[in-house]
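Student: Submitted below is the structure of interest, expressed as structure tokens.
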Amino acid sequence: MKVLLKPFVFFVSRLKYGGKFIAVSLLFAIPLVLLMYTYVTEHQSGINATKQHQYGVTQVNEVMPLILLVQQHRGLMNGYLNGNVESKFAIDERQTEIAQRIAHLNKIFNSDKLASSKMDWQGIQEKWETLSASAESMRANDSFKEHTDLIEDIQRFIVDLADETELSLSNDISTSYLTSLLVEELPALIEHTAIIRGRGNGVLAAGKLSLVLKDELVLQSSQTYADLHSLQKIAKLLVEQTDSLDEQFGVKVQATINAVSTYLLTLNHQIVDRSILAMNPDDFYAEGTATIDVVKEFYGIVHNELDRLLEREKNTLSYSMSFMIAITSVMIILVIMFYLAFYRNVIETVRMIRIKVEDIAKGDFTKGIQLNTKDELSEVGQAINLMQQDMNKVLAQNKFIAERTAASSQELMAISHESTQAMQQIAASIQEVSDGTSSQRNTITETSTAMNEMATGISRIAEAASEAAYVAERATESAEQGDLQLASTVLQMQSIKTTQLESTQVVTKLDEHSAEISEIISAVMDIAQQTKLLSLNANIEAARAGEYGRGFSVVAQEVGKLAEQTSQSGEAISDVLNIIRGLVDEAVVSMNRMQRETDEGMHSIDLSKQMLNHILGDIKVVSEQIEDVSSSSQELAAEMEQVTASIAEVASISEKTSNEAETMAAATEQQLASMEEIQASSEELRDMSQQLQEDMSKFQLKV
């Protein structure tokens, strides 16, 4: 199945939703249009055929009166030629009526609509003209035969009309039976009855019946009875097959059969079976005409019924076609509306998903997506909401961690900075201790070597003690001056801090003024834009004014250029102002850093002052001790021997102390280097945490 669908999936995947809908619509629309075209064509063909049938029925009905008139003319002429001169007036009337009917039919059959029947009609017309011109000079039998041949031609012409209009090819059985009655059965019945009327009229006018005429009348009577039997059979079938026949149909059928049967009985009683012909020929002719009128009346019912059935068939086909077209049109409209609604729903859903994904890409995680659909795209929306919730949680945790990391990095940097300073002080102190122990070791060595000279130099101790007291006093003064200098430095640092705060305030005001300038520049750019619009409108009005507005057009163009330059200058100033505001922000950050460093410097100065106070106290103690040394110089000589013994031990301890001090100094230097690396790492961590905070600030998270 996947292999079968692969080319279709490949094709559909290359199209957008609009193209997909169009492709699917065409696949459904093309066969639907073909089916509708076939259906409408077939129904329209049926409607056209039915109209053609109706036209044929109308033309047959137009020709039928001509047959009746010719039949009457034949009967009257037969009586006239057999001695009934009183029928001359009626003959002239029939000739006039026939001429009028032929003139009426000429208008119909001379058109191109029935081209194949046109030649036949012209032959009938020419034959009638010849017959009407020579009928009175013919013998009765010849005249009768010529009339009969003409009537047969007209009957064949009617059959040809039915064939040409495809009336005889109808698929409906009721229409077929009625067509048979209209075209063949009833014209034949009327013709046979008319022949009997004409021959009987001639026989009665002549007063004698020859064997030939008798056989002919008997033959015509038999054919007429056969026509009645066929009529009765067809009428029975019509009644059985057709539910909507006229109520008078059955009555008229029976009336026709009765009238013709009665006329045939009159023929037998008054002519065929009678040796003496006593009936008035006009009465026999009148009875025959009345009988034919009954048949003609039934013929009219058949014509009306056939026309009604054809009209119903045409209306049925028209209604069926119109109903199908209406239903199909409504369905097509509904399908189009559903397609458009489906397309719009899909496009709107995709648009909402695209907007939400773009918001997420921009860092907006505050709002979820709400899709007004229940299809598979709603699952995509739910997946996006779940992803947004998970990302919101993750980013919120990252943001919290970034804030904690930034705070910790600041604390670590401050601690590492303080530790570095402390380690520097410790390193300096240890270095001093190391130097002191080295000096002490050297001194002890010298003391050990010069101990023998101690006795001679003891007298100089007092002088040295006095000098030491003087030096201690100067050291005390120097320490006090150092304390004063530190106090001055503290005041200077406080002044620097105050100046830095004032600078921060000035820079902050500068940033505020820069923002105000930015607003003013925006207003200037808006005014420049409005000026450009006014310049454009002025150019339009100047163009409308033609030659009189040319100078105004030049001014408007210059104003437009000035507005464009103003807009460009405003944009340049705005760019420079943005750079200045960025520099101001950096200056604020630098001043804040300077403030922190100033605070740390003041803290270090406080520590130095405390240490200097300790040193000053120690110097005072040393000064007092020097005085004690001066007073104890004499005691020193007495204790010289003990000192000599202790010097060796002190020398050993000094050696160890010097070695430990050097080791401690090296370790302190190494720890100081490590603290500097920690401080550098803490600064790097601070920068990274600040960058992380800046990156996280781009995301708008849902609380």
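Quick note: the sequence shown, position 322, residue 322 per the UniProt record's numbering, numbers continuous. Beta carbons: idealized from backbone N, C-alpha and C, even for Gly.
1) Report the CB separation of Ala278 from Asn82 in whole angstroms; it is logged as a contact under 8 Å.
2) Just to confirm my understanding: we take Lys51, look at its own chain, exclude 5 residues before and 5 after, and list those with CB closer than 8 Å. What are they?
3) Looking at C-alpha atoms only, which residue of Gln565, Glu571, Leu536 is the closest neighbour of residue 763?
4) Between Met77 and Ile91, is the Cβ-Cβ spacing less than 7 Å?
5) Report, in whole angstroms, the separation of the C-beta atoms of Gly560 and Lys532, which I expect to be a contact under 8 Å.
6) Rounded to whole angstroms, how far is the Cβ of Val60 from the Cβ of Leu182, which I believe are closer than 8 Å?
7) Considering Ser180, what are the terminal residues of the alpha helix (DSSP H) in which it resides?
8) Have a look at Val218 and Ile190 and give me their C-alpha separation to the nearest angstrom.
9) Beta-carbon separation of Gly198 and Arg74 under 7 Å?
10) CB-CB under 7 Å to Glu297, same chain, minus the five flanking residues each way: which ones, in chain order?
11) Counting along the chain, where does the alpha helix (DSSP H) carrying Asp227 start and finish?
12) Please report how far the alpha carbon of Ile360 lies from the alpha carbon of Val40, in whole angstroms.
13) Looking at Ile527 and Ile573, is the spacing between their C-beta atoms short of 7 Å?
14) Apart from the five residues on each side of it in sequence, which residues of its chain come closer than 7 Å, Cβ to Cβ, to Leu317?
15) I'd like the ranges of any alpha helix (DSSP H) spanning at least 4 consecutive residues and lying wholly in the segment 33-74.
16) Can a CB atom of chain B be found closer than 7 Å to the CB of Asn48?
17) So which of Ile196, Tyr37, Asn392 has the shortest CA-CA distance to Met321?
18) Alpha carbons only, please: which of Ile108, Asn171, Ile195 is nearest the one belonging to Asp149?
19) Kindly indicate which residue of Leu68, Gln691, His417 has the alpha-carbon position closest to the one of Arg596.
20) Hey, quick one: how far does the alpha helix (DSSP H) through residue 710 stretch, first residue to last?
21) Which term fits His192, buried or exposed, when burial requires 16 or more other beta carbons within 10 angstroms of its beta carbon?
22) How far does the alpha helix (DSSP H) with Thr373 in it extend, from its first residue to its last?
23) Decide if the segment 3-23 is in contact with the segment 138-153; the criterion is three or more beta carbon pairs, one per stretch, under 8 Å apart.
24) Using the Cβ count rule (16 or more neighbours within 10 Å means buried), how would you classify Gly300?
25) Nearest-angstrom Cα distance between Ile384 and Gln565?
26) If you draw a straight line from the C-alpha of Ile292 to the C-alpha of Asn171, how long is it?
27) Using the beta-carbon count (16 or more within 10 Å), is Ser329 buried or exposed?
28) So Leu238 and Val260 are supposed to be a Cβ contact under 8 Å. How far apart are they, rounded?
29) Around the Cβ of Arg686, are there at least 16 other Cβ atoms within 10 angstroms (buried) or fewer (exposed)?
30) What distance in whole Å lies between the Cβ atoms of Glu305 and Leu245, which are believed to be in contact at a cut-off of 8 Å?
31) Near Lys88, what residues of its chain come up, given a Cβ to Cβ distance below 7 Å and the 5 sequence neighbours on each side ignored?
32) With distances taken between CB atoms, is the gap from Gln72 to Arg94 smaller than 7 Å?
33) What would DSSP say about Ser553, mapped onto helix, strand or coil?
34) In this structure, how does DSSP classify Arg274 when only helix, strand and coil are distinguished?
35) Figure out for me which residue from Glu86, Val70, Ser25, Leu105 has the closest Cα to the Cα of Glu62.
36) Could you pull the start and end residues of the alpha helix (DSSP H) that Gly198 belongs to?
Tutor: Taking the geometry as given:
1) Mapped onto the sequence shown, residue 278 falls at position 278. Mapped onto the sequence shown, residue 82 falls at position 82. With a Cβ gap of about 16 Å, Ala278 and Asn82 do not count as contacting.
2) In the sequence shown, counting from the first residue as 1, residue 51 sits at position 51. A distance below 8 Å between beta-carbons, with the five flanking residues on each side excluded, links Lys51 to the following residues of its chain, in chain order: Lys314.
3) Outside the shown range of the chain, which is 1 to 703, sits residue 763, and nothing can be said about it.
4) Your numbering for residue 77 matches position 77 in the sequence shown. Your numbering for residue 91 matches position 91 in the sequence shown. Taking the C-beta atoms as reference points, Ile91 is found nearer than 7 Å to Met77.
5) Within the sequence shown, numbered from 1, the residue matching residue 560 stands at position 560. Within the sequence shown, numbered from 1, the residue matching residue 532 stands at position 532. Indeed, because the Cβ distance is near 6 Å, the residues count as touching under 8 Å.
6) For this step, residue 60 is matched to residue 60 along the sequence shown. For this step, residue 182 is matched to residue 182 along the sequence shown. Confirmed, about 6 Å.
7) Taking the first residue of the sequence shown as 1, we reach residue 180 at position 180. Run containing Ser180: 173-180, per the alpha helix (DSSP H) assignment.
8) Residue numbering aside, residue 218 sits at position 218 when the sequence shown is read from its first letter. Residue numbering aside, residue 190 sits at position 190 when the sequence shown is read from its first letter. Cα-Cα distance, rounded: 16 Å.
9) Start at 1 with the first residue of the sequence shown, and residue 198 comes out as number 198. Start at 1 with the first residue of the sequence shown, and residue 74 comes out as number 74. Cβ atoms of Gly198 and Arg74: closer than 7 Å.
10) Stepping through the sequence shown from its first residue, residue 297 is reached at position 297. For Glu297, where only same-chain residues beyond five positions count, the Cβ hits under 7 Å are Lys252.
11) For the purposes of this step, residue 227 is taken as the residue at position 227 of the sequence shown. Here the alpha helix (DSSP H) through Asp227 covers 211-241.
12) Within the sequence shown, the letter at position 360 stands for residue 360. Within the sequence shown, the letter at position 40 stands for residue 40. Going by the C-alpha atoms only, they are around 56 Å apart.
13) Walking along the sequence shown from the start, residue 573 turns up at place 573. Walking along the sequence shown from the start, residue 527 turns up at place 527. No, the pair does not count as a contact, with Cβ atoms beyond the cut-off.
14) Start at 1 with the first residue of the sequence shown, and residue 317 comes out as number 317. Within the same chain, Leu317 has close Cβ partners His43, Gly46, Ile47, Thr50.
15) none
16) In the displayed structure, chain B is absent; only one protein chain is listed.
17) Stepping through the sequence shown from its first residue, residue 321 is reached at position 321. Of Ile196, Tyr37, Asn392, the residue nearest in Cα terms is Tyr37.
18) Along the sequence shown, read from residue 1 onward, the residue named residue 149 stands at position 149. Of Ile108, Asn171, Ile195, the residue nearest in Cα terms is Ile195.
19) Counting from one through the sequence shown, the residue named residue 596 turns up at place 596. Here the closest residue by C-alpha is His417.
20) Nothing about residue 710 can be read from this structure; the chain reaches only from 1 to 703.
21) Here residue 192 refers to the residue found at position 192 of the sequence shown. It counts as buried.
22) Mapped onto the sequence shown, residue 373 falls at position 373. Unbroken run through Thr373: none, as it is neither H nor E.
23) no
24) As a working note, residue 300 is residue 300 in the sequence shown. Residue burial annotation: Gly300 is exposed, with fewer than 16 other C-beta atoms found within 10 angstroms of its C-beta.
25) In the sequence shown, the residue the question calls residue 384 occupies position 384. In the sequence shown, the residue the question calls residue 565 occupies position 565. Going by the C-alpha atoms only, they are around 47 Å apart.
26) Sequence index remark: in the sequence shown, residue 292 carries index 292 (1-based). Sequence index remark: in the sequence shown, residue 171 carries index 171 (1-based). Spanning the two alpha carbons is a distance of roughly 31 Å.
27) Stepping through the sequence shown from its first residue, residue 329 is reached at position 329. By the neighbour-count rule (16 or more Cβ atoms within 10 Å), Ser329 is not buried but exposed.
28) Your numbering for residue 238 matches position 238 in the sequence shown. Your numbering for residue 260 matches position 260 in the sequence shown. Not a contact, Cβ separation roughly 18 Å.
29) Within the sequence shown, residue 686 is the residue found at index 686, counting from 1. Buried is the label assigned to Arg686, since at least 16 other Cβ atoms lie within 10 Å of its Cβ.
30) Counted from its first residue, the sequence shown places residue 245 at position 245. Counted from its first residue, the sequence shown places residue 305 at position 305. Right, their Cβ atoms sit about 6 Å apart.
31) Taking the first residue of the sequence shown as 1, we reach residue 88 at position 88. Closer than 7 Å at the Cβ level, and outside the excluded window around Lys88, lie Tyr80.
32) The sequence position of residue 72 within the sequence shown is 72, counting from 1. The sequence position of residue 94 within the sequence shown is 94, counting from 1. Yes, Cβ-Cβ distance for Gln72 and Arg94 is below 7 Å.
33) The residue labelled residue 553 in the question sits at position 553 within the sequence shown. In the structure shown, Ser553 sits in a helix (DSSP, three-state: H, G or I).
34) The sequence position of residue 274 within the sequence shown is 274, counting from 1. It is coil, neither helix nor strand.
35) Reading the sequence shown from its first residue, position 62 is the one you call residue 62. The option with the nearest alpha carbon to Glu62 is Leu105.
36) Taking the first residue of the sequence shown as position 1, residue 198 is located at position 198. Note, Gly198: alpha helix (DSSP H), 186-206.
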